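To keep things clear, I will list the structure first and then write my remarks on it.
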Amino acid sequence: MRLALDQARLAATHDDVPVGAVVLDPAGAAVAAAGNERELHGDPTAHAELVAIRRAAAAVGGWRLTDHTLVVTLEPCTMCAGAAVLARVARLVFGAYDPKAGAVASLWDVVRDPRLNHRIDVRGGILEAECGELLRAYFDSRRTGPVG
Numbered sequence: 000m001r002l003a004l005d006q007a008r009l010a011a012t013h014d015d016v017p018v019g020a021v022v023l024d025p026a027g028a029a030v031a032a033a034g035n036e037r038e039l040h041g042d043p044t045a046h047a048e049l050v051a052i053r054r055a056a057a058a059v060g061g062w063r064l065t066d067h068t069l070v071v072t073l074e075p076c077t078m079c080a081g082a083a084v085l086a087r088v089a090r091l092v093f094g095a096y097d098p099k100a101g102a103v104a105s106l107w108d109v110v111r112d113p114r115l116n117h118r119i120d121v122r123g124g125i126l127e128a129e130c131g132e133l134l135r136a137y138f139d140s141r142r143t144g145p146v147g
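Counting from 1, position 19 in the sequence shown corresponds to residue 18 in numbering that gives the first Met the number 0; the numbering is continuous, with no gaps.
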């Protein structure tokens with residue numbers, strides 16, 4: 000999660016919402032990492048999870064991320080939860096819950112829906128306070144303008 004937080008902080012440097020994601024291989028080594036890149040590339044689909052999943056697929060040489068773990072600082076939205084299911088990610092670890100758009104626990108449970116052909120093991124709330132504070136500080140600064 001610390002590496003995902005580093006990626007989130009990097010995303011904020013180019014005015015993207017500070018969300019970071021890392022894909023770990025079965026041994027726990029990072030194969031890909033990313034932060035949000037929507038503003039950076041003008042791409043509405045460039046959420047940290049999707050960018051990390053794309054990079055991980057390129058690194059492993061295939062789209063199936065079976066036995067891999069996706070670690071993300073914020074509960075994934077429906078798009079990202081769906082992408083994790085389609086990539087056959089084995090485990091999802093996330094930090095802060097997202098009561099407005101979360102599709103893993105808060106509003107929906109896309110990744111464990113029994114109607115889908117793949118279900119993901121989920122652990123939420125990991126370093127929740129730190130992940131949430133990074134987002135709160137970012138949005139507070141956007142509302143109030145620069146400090147100092």
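The beta-carbon is built from N, C-alpha and C at its ideal position, and this holds for glycine as well. If you're wondering where the values come from, they're calculated on a predicted model, not measured in any experiment.
With DSSP as the reference, label residue 122 as helix, strand or coil.
-> In the sequence shown, residue 122 corresponds to position 123, counting from 1. In the structure shown, residue 122 sits in a strand (DSSP, three-state: E or B).
By the 10 Å Cβ neighbour count, where 16 or more other Cβ atoms means buried, how is residue 134 classified, buried or exposed?
-> Counting from one through the sequence shown, the residue named residue 134 turns up at place 135. Taking all protein chains shown into account, residue 134 has 16 or more neighbouring C-beta atoms within 10 Å of its C-beta and is therefore buried.
Please name the residue in 91, 60, 138 and 141 whose C-alpha comes closest to that of residue 23.
-> On the sequence shown, position 24 is the one that residue 23 refers to. Among 91, 60, 138 and 141, the Cα nearest to that of residue 23 belongs to 91.
What does a CB cutoff of less than 6 Å around residue 47 pick up in its chain, not counting 5 residues either side in sequence?
-> Numbered from its first residue, the sequence shown carries residue 47 at position 48. Apart from sequence neighbours up to five positions away, the residues of its chain that approach residue 47 with a beta-carbon distance below 6 Å are 18, 19, 20, 33, 34 and 35, ordered along the chain.
Pick from 109, 83, 13 and 124: whose alpha carbon is nearest that of residue 0?
-> If you number the sequence shown from 1, residue 0 lands on position 1. It is 124.
Quick one: what's got a C-beta closer than 7 Å to residue 110's C-beta in the same chain, skipping five residues either side?
-> As a first step, residue 110 is located in the sequence shown; it is residue number 111 there, counting from the start. Contacts found: 80, 83, 84, 91, 103, 118, 119 and 121.
Inter-residue spacing [alpha-carbon to alpha-carbon] between residue 147 and residue 8 | As a first step, residue 147 must be located in the sequence shown, where it is residue number 148. As a first step, residue 8 must be located in the sequence shown, where it is residue number 9. Any reading at residue 147 needs caution, since the residue's pLDDT is 46, under 50, leaving its predicted position unreliable; the model's value is listed next. Here the alpha carbons of residue 8 and residue 147 stand approximately 20 Å from one another.
In chain order, what residues of the same chain lie with their CB nearer than 6 Å to the CB of residue 93, ignoring the 5 residues before and after it?
-> On the sequence shown, residue 93 is found 94 positions in, with the first residue counted as 1. Listed in chain order, the non-local C-beta contacts of residue 93 below 6 Å within the same chain comprise 71, 74 and 123, local neighbours out to five positions each way being set aside.
Closest Cα partner of residue 49 within the set 78, 108 and 141 | Position 50 of the sequence shown, counting from 1, holds the residue named residue 49. Of the listed residues, the one whose Cα sits closest to residue 49 is 78.
First and last residue of the uninterrupted alpha helix (DSSP H) at residue 135 = On the sequence shown, position 136 is the one that residue 135 refers to. Going by DSSP, residue 135 is part of the alpha helix (DSSP H) stretching over 127 to 143.
Any heavy atom of the ligand SAM closer than 8 Å to the CB of residue 54?
-> No copy of the ligand SAM occurs in the structure displayed, which carries no ligand at all.
Rounded straight-line distance, which links the Cα of residue 141 to that of residue 27 = Here residue 27 refers to the residue found at position 28 when the sequence shown is read from its first residue. Here residue 141 refers to the residue found at position 142 when the sequence shown is read from its first residue. Residue 27 and residue 141 have their alpha carbons spaced roughly 35 Å apart.
Three-state secondary structure (DSSP) of residue 73 = One-based indexing of the sequence shown puts residue 73 at position 74. Note: residue 73 maps to strand in three-state DSSP.
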